[in-house]
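Novice: For the first sequence, counting from 1, position 369 maps to 368 in numbering that gives the first Met the number 0; every step adds exactly one.
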Amino acid sequence: MTNQRPEADQAGDHSAAATLPTQYAPAEVEGKLYERWVAAGYFEADAKSDKPPYTVVIPPPNVTGSLHLGHAFEHTIIDSLTRRKRMQGYETLWQPGMDHAGIATQNVVERELAKEGKSRHDLGREAFVERVWQWKAESGGQISGQMRRLGDGVDWSRERFTMDEGLSQAVQTIFKKLFDDGLIYRAERIINWCPRCLTAISDIEVEYQDDEGELVSIRYGDGDDAIVVATTRAETMLGDTAVAVHPDDERYAHLVGREIELPLTGRRIPVVADAHVDPEFGTGAVKVTPAHDPNDFEIGRRHDLPSIAVLDERGVITVHGPFQGLDRFEARSAIVGALRAEGRIVAEKRPYLHSVGHCSRCKTTIEPRLSLQWWVKVGPLAQAAGDAVRDGRVAIHPKEMEPRYFGWVDNLHDWCISRQLWWGHRIPVWYGPDGEVVCVGPDEEPPSGEGWTQDTDVLDTWFSSGLWPFSTLGWPERTPSLEKFYPTSVLVTGYDILFFWVARMMMFGLYAMDGTPPFHTIALHGMVRDQFGKKMSKSFGNAVNPLDWMDAYGSDAVRFTLARGANPGTDVPIGEDWVQGSRNFCNKLWNATRFALMNGATVAGPLPEAADLSAADRWILSRLNATVAEVDALYDDYQFAKLSDALFHFAWDEVFDWYVELSKTTLAAGGPAADASRRVLGEVLDVTLRLLHPVVPFVTEALWTALTGRESVVVAEWPADSGFRDAAAEAEITTLQQVVTEVRRFRADQGLKPGQRVPARLDLAGTPLAAHEEAIRSLLRLQPAGDGFTATASLPVAGATVALDLSGAIDVAAERKRLQKDLAVAEKELAQTTAKLGNEGFMAKAPEQVVAKIRTRQATAEADIARITAQLAALPQA
RNA sequence: GGGCGCAUAGCUCAGUGGUAGAGCACUGCUCUUACAAAGCAGGGGUCGGCGGUUCGAAACCGUCUGCGCCCA
0 MTNQRPEADQ AGDHSAAATL PTQYAPAEVE GKLYERWVAA GYFEADAKSD KPPYTVVIPP
60 PNVTGSLHLG HAFEHTIIDS LTRRKRMQGY ETLWQPGMDH AGIATQNVVE RELAKEGKSR
120 HDLGREAFVE RVWQWKAESG GQISGQMRRL GDGVDWSRER FTMDEGLSQA VQTIFKKLFD
180 DGLIYRAERI INWCPRCLTA ISDIEVEYQD DEGELVSIRY GDGDDAIVVA TTRAETMLGD
240 TAVAVHPDDE RYAHLVGREI ELPLTGRRIP VVADAHVDPE FGTGAVKVTP AHDPNDFEIG
300 RRHDLPSIAV LDERGVITVH GPFQGLDRFE ARSAIVGALR AEGRIVAEKR PYLHSVGHCS
360 RCKTTIEPRL SLQWWVKVGP LAQAAGDAVR DGRVAIHPKE MEPRYFGWVD NLHDWCISRQ
420 LWWGHRIPVW YGPDGEVVCV GPDEEPPSGE GWTQDTDVLD TWFSSGLWPF STLGWPERTP
480 SLEKFYPTSV LVTGYDILFF WVARMMMFGL YAMDGTPPFH TIALHGMVRD QFGKKMSKSF
540 GNAVNPLDWM DAYGSDAVRF TLARGANPGT DVPIGEDWVQ GSRNFCNKLW NATRFALMNG
600 ATVAGPLPEA ADLSAADRWI LSRLNATVAE VDALYDDYQF AKLSDALFHF AWDEVFDWYV
660 ELSKTTLAAG GPAADASRRV LGEVLDVTLR LLHPVVPFVT EALWTALTGR ESVVVAEWPA
720 DSGFRDAAAE AEITTLQQVV TEVRRFRADQ GLKPGQRVPA RLDLAGTPLA AHEEAIRSLL
780 RLQPAGDGFT ATASLPVAGA TVALDLSGAI DVAAERKRLQ KDLAVAEKEL AQTTAKLGNE
840 GFMAKAPEQV VAKIRTRQAT AEADIARITA QLAALPQA
């Protein structure tokens with residue numbers, strides 16, 4: 000569209016329409032409009048404003064990421080919410096930014112270095128971190144540009160990054176506070192170790208899947224001391240320090256307390272009794288490797304067993320002997336081979352399907368590893384996070400997702416927060432020469448001098464993401480933004496990452512902000528799937544780049560398709576056909592507005608009084624206001640699919656298909672009625688475009704500015720229901736629609752071409768449609784009945800009769816077939832309603848309105864049968 | 001193994017006690033002066049099976065079958 004200076008146009012100026020091409024071309028509109036919005040500062044939030052605040056923080060995408068449909072979906076939801084609130088007069092902040100994605104980003108840069116034949120160790124820590132920043136500056140954060148394409152109304156002047164100075168200070172502040180409160184501690188435990196990323200990861204970064212492994216039964220000890228254990232991890236037997244059996248297991252009672260020989264090593268290990276052993280599983284005896292299995296670690300603790308580590312950080316066997324230097328998987332077969340040679344393999348099951356943990360980042364099999372790490376003691380924090388939802392201060396939407404939240408937050412293990420990476424917030428703890436441990440706050444000088452060193456680990460990325468709702472607003476400073484915009488209003492995120500960081504934000508928000516939760520509502524959405532409901536994945540080959548669809552059909556089309564599928568908490572299937580359908584809707588909107596502009600639709604001046612409006616005008620205004628109310632209610636309930644659908648159907652089925660068509664007759668006639676219609680048309684489009692704007696911002700902006708001559712729909716007022724309703728006008732137009740549809744049906748059944756003019760005589764005396772005769776004739780291509788008019792067909796419908804002269808024989812067979820079908824439907828209806836009304840139980844117990852409704856249906860069926868029977872009788876005999 | 005959920009038109013999904021709906025797909029006719037990315041008309045479902053509650057069940061209860069997801 001060439002209309003880039005809408006303020007220069009007058010409302011209703013016919014020249015505005017002349018500049019609109021017959022097809023909507025999103026590519027020519029979207030980019031320019033977005034730049035204008037940003038330049039105008041519409042998305043900037045003012046902390047000094049008197050307006051009530053509405054705040055949403057973006058779930059920060061990874062700095063390594065690019066826009067996928069999941070983002071597009073989530074952003075469409077957030078953008079619609081914030082755009083509507085902005086129009087409603089809230090001081091609206093949609094806070095943008097990214098997280099530093101510790102492991103992912105470090106991996107990206109390490110891969111770059113590898114191409115140069117270098118490792119991060121060649122550069123050293125400082126130079127490597129420098130290199131990561133350089134990478135971020137050059138190729139990180141692609142998603143920011145893509146968010147602009149999507150139309151995201153974020154305040155770019157406030158963009159934040161979790162590694163920024165201010166946010167790093169927030170991290171250090173909360174670390175110190177938690178440390179001082181005893182909620183952060185250091186301990187040696189079994190953690191999830193990725194032998195490829197060479198770092199600890201948290202429980203939720205482990206993905207379990209059923210893998211084909213092996214279950215090997217090994218005989219430990221000999222003679223009377225023999226005991227068979229089953230394991231999927233034979234290679235860890237080198238680190239076994241006991242065999243455990245259930246205390247009540249009589250099979251092994253005689254062995255408890257004795258020592259047996261561990262094969263291949265010559266070591267002697269005890270047999271211990273532990274209630275955690277399942278006597279039903281395998282032989283009821285298990286090998287115990289405290290250094291390489293979390294359950295075994297606990298058994299070891301209970302029985303004071305030593306831990307013998309046999310694998311290094313890369314999963315390579317470290318103990319002396321023939322297996323030293325073998326990878327854990329090579330060692331497994333080597334050790335089974337050696338045991339077999341000694342005749343100690345009692346049974347082998349291969350493949351044996353069992354659940355194995357994998358690194359969510361690189362899919363490498365996780366190695367449980369005993370190591371010294373930093374932990375957050377989550378007990379009191381998780382309790383508070385659960386209580387905030389339990390006592391209603393925070394609502395989870397949809398409510399069905401609550402058990403999922405409680406199930407997790409109430410059973411939370413302590414959170415391992417240290418990572419053996421270089422990219423991230425370095426743990427602010429210094430160790431002294433004499434074993435001192437000092438946690439340093441943001442305003443404190445680290446201890447200096449001989450022998451003092453800082454912890455080399457960094458913090459889990461989620462540690463900083465958990466601070467996002469307040470760190471982005473300036474915390475720990477009590478900034479005006481923090482005062483104005485905290486707590487945020489709603490957090491929009493996928494149910495799949497409810498645990499990853501919603502719970503973390505809740506814990507940290509409540510803890511840091513004196514018990515004020517970071518948001519009052521958690522609105523959960525589902526995942527985007529393909530058109531057959533399958534999960535999108537690169538390996539399956541059904542992943543879609545949203546930018547391709549945005550290029551082909553426009554961002555609005557992608558957004559509208561996603562919004563139409565957004566039922567709370569459920570997954571959203573999307574296919575190209577559906578995006579095309581949304582594009583078609585945008586085009587329809589475009590052309591309807593184009594028609595309105597060509598015909599002088601206007602928003603100038605007040606609406607005429609109801610008395611000066613036609614039934615069609617009153618009908619559409621009644622429907623318009625009902626739609627405003629409906630859409631408002633649906634927005635407040637996060638029902639994006641339903642509100643989008645309501646707007647789609649109101650716009651297309653009512654405004655475009657009927658009101659616009661009816662207005663053609665009125666406009667052609669001219670006079671005051673035409674003036675009124677121009678004003679109503681302008682009103683209906685104005686309000687409809689404003690209602691649609693949050694979901695399809697671009698096309699509505701282009702059209703609304705052209706229609707109204709005003710600055711921007713972004714800052715227009717959100718429509719309000721005027722309360723105007725007109726049931727009589729609605730009934731009148733419904734009757735009109737019935738008459739028109741019935742005659743169209745007859746025309747189609749008779750094989751008349753749509754444009755073919757037919758002489759007709761209308762008898763509307765029994766209806767309120769007298770004023771609509773011209774419109775009905777126009778819609779049905781009916782000519783006046785001239786001299787020699789001979790009715791060859793007479794159609795009774797809704798009290799009216801339309802007589803047509805088809806100048807010749809009609810297709811009696813087609814009409815008979817049709818009428819017989821209608822008759823069958825009416826007869827079935829009569830039978831059903833009559834049966835109900837004859838049912839004593841129904842008559843005695845059904846509510847008044849239901850009985851009345853059935854009576855009406857019965858009467859209608861009877862009338863239909865009479866009418867159709869008469870029509871059939873009137874048909875010429877074949 | 002524990003928990004949550006789903007099964008409605010060819011596909012994807014709405015529909016929490018009173019006439020089974022939408023989008024897309026499908027069939028026929030049309031360039032009717034906003035729009036063929038369109039218009040008009042039409043076809044299509046024993047609401048997974050069985051049993052129960054009820055005057056009345058797609059909906060509520062039980063059960064079976066099939067399929068998801070989360071946790072262990």
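Using N, Cα and C, we set each Cβ at its ideal position, and we do this for glycine too. Bear in mind the structure is a predicted one, so any value in this text is a computation, not a measurement.
Buried or exposed for L472, please, with buried defined as at least 16 other CB atoms from any protein chain shown within 10 angstroms of its CB.
Specialist: Buried, because 16 or more other Cβ atoms sit within 10 Å of the Cβ of L472.
Novice: The alpha helix (DSSP H) with F518 in it runs from where to where?
Specialist: Note, F518: premise wrong, no alpha helix (DSSP H); beta strand (DSSP E) at F518 to H524.
Novice: Compute the distance between the beta-carbons of L706 and G681, then report whether it is under 8 Å.
Specialist: Result yes, Cβ atoms of L706 and G681 sit closer than 8 Å.
Novice: For Y658, does the three-state DSSP call read helix, strand or coil?
Specialist: In the structure shown, Y658 sits in a helix (DSSP, three-state: H, G or I).
Novice: Relative to the C-alpha of E716, which residue among A726, V738, A728 and L691 is closest?
Specialist: If we check each option's Cα against that of E716, L691 comes out closest.
Novice: Decide yes or no for the touch test of the stretch 555-574 against the stretch 631-648: beta carbon pairs closer than 8 Å, at least 3 of them.
Specialist: Yes, the stretch 555-574 touches the stretch 631-648.
Novice: Go through its chain and collect everything with a Cβ distance to A728's Cβ below 7 Å, but skip five positions before and after it.
Specialist: These residues qualify, in order along the chain: A614, R617, W618 and S621.
Novice: What is the residue span of the alpha helix (DSSP H) that E260 lies within?
Specialist: Per DSSP, E260 belongs to no alpha helix (DSSP H); it is in the beta strand (DSSP E), E258 to E260.
Novice: Kindly confirm or deny that the stretch 445-454 and the stretch 186-206 touch, where touching means at least three C-beta pairs closer than 8 Å.
Specialist: Short answer: they don't touch.
Novice: Within the continuous alpha helix (DSSP H) that includes A346, where are the two ends?
Specialist: No alpha helix (DSSP H) contains A346, which is instead part of the beta strand (DSSP E) from I344 to C358.
Novice: Taking the beta strand (DSSP E) that V491 belongs to, which residues open and close that run?
Specialist: Per DSSP, V491 belongs to the beta strand (DSSP E) from T487 to G493.
Novice: Rounded to whole angstroms, what is the Cα-Cα separation between S793 and L803?
Specialist: The straight-line gap from Cα to Cα measures roughly 6 Å.
Novice: Check whether the Cβ atoms of N624 and F723 lie closer than 8 Å to each other.
Specialist: Yes, these two residues count as a Cβ contact at 8 Å.
Novice: For M0, name the three-state secondary structure that DSSP assigns.
Specialist: Caution applies to M0, whose pLDDT of 33 falls short of 50 and renders its modelled position unreliable; the value that the coordinates give is listed next. It is coil, neither helix nor strand.
Novice: When you compare the CB positions of L420 and T198, do they come within less than 8 Å of one another, or not?
Specialist: Yes; because the gap between Cβ atoms is below 8 Å, this pair is in contact.
Novice: In angstroms with no decimal places, state the Cα-to-Cα distance between R267 and E260.
Specialist: One C-alpha to the other measures close to 4 Å.
Novice: In three-state terms, what does DSSP make of A274?
Specialist: A274: coil per DSSP, three-state reduction.
Novice: Kindly identify the DSSP beta-bridge partner or partners of A199.
Specialist: Paired residues: W192.
Novice: Which same chain residues, not among the five before or five after T859, have their C-beta less than 7 Å away from its C-beta?
Specialist: Closer than 7 Å at Cβ, skipping near neighbours: no residue.
Novice: Please report how far the alpha carbon of G336 lies from the alpha carbon of L310, in whole angstroms.
Specialist: So the alpha carbons of these two residues sit roughly 19 Å apart.
Novice: Out of K84, R301, E158 and G599, which one is the CA nearest neighbour of S143?
Specialist: Per the Cα distances, E158.
Novice: Given that a residue counts as buried once 16 or more other Cβ atoms are within 10 Å of its Cβ, and exposed if not, what is G450?
Specialist: That one is exposed.
Novice: Please state if the CB of M549 and the CB of V543 are separated by a distance shorter than 8 Å.
Specialist: No, Cβ-Cβ distance for V543 and M549 is not below 8 Å.
Novice: Give a yes or no on contact between the stretch 29-43 and the stretch 145-159, applying the rule of three or more CB pairs nearer than 8 Å.
Specialist: Touching, per the Cβ criterion.
Novice: In this structure, does DSSP put Y207 in helix, strand or coil?
Specialist: Reduced to three states, the DSSP call for Y207 is strand.
Novice: Which residue comes first and which comes last in the alpha helix (DSSP H) that contains Q530?
Specialist: Segment: none, Q530 is in no alpha helix (DSSP H) and carries neither H nor E.
Novice: Is the stretch 475-491 touching the stretch 115-131, taking contact as three or more C-beta pairs under 8 Å?
Specialist: No, the stretch 475-491 does not touch the stretch 115-131.
Novice: Per the contact definition of three or more C-beta pairs closer than 8 Å, is the stretch 380-391 in contact with the stretch 402-419?
Specialist: The answer is yes - the stretch 380-391 touches the stretch 402-419, with three or more Cβ pairs under 8 Å.
Novice: Just mark P875 as buried or exposed, buried being the case when its beta carbon has 16 or more other beta carbons within 10 Å.
Specialist: P875 comes out exposed.
Novice: How is the alpha helix (DSSP H) around S793 delimited, first residue to last?
Specialist: No alpha helix (DSSP H) holds S793; the beta strand (DSSP E) holding it covers A792 to V796.
Novice: The beta strand (DSSP E) that contains T704, what's its start and end?
Specialist: That residue, T704, is in no beta strand (DSSP E); its alpha helix (DSSP H) goes P696 to T707.
Novice: For the ligand PLP, any of its heavy atoms closer than 7 Å to the Cβ of E710?
Specialist: Annotation note on the ligand PLP: not contained in the displayed structure, which lists no ligands.
Novice: Could you pull the DSSP bridge partners for F788 from this structure?
Specialist: In the DSSP output, where bridge partners are listed per residue, F788 has none listed.
Novice: Please identify the residue among V315, I316 and A274 whose C-alpha is closest to the C-alpha of E297.
Specialist: For E297, the nearest C-alpha among the options comes from A274.
Novice: Helix, strand or coil, according to DSSP, for Y552 in the structure here?
Specialist: The answer is helix: DSSP assigns Y552 an H, G or I state.
Novice: Thinking I867 and L829 are a contact (beta carbons under 8 Å), I'd like their distance in whole angstroms, please.
Specialist: Not really, about 12 Å apart at Cβ, beyond 8 Å.
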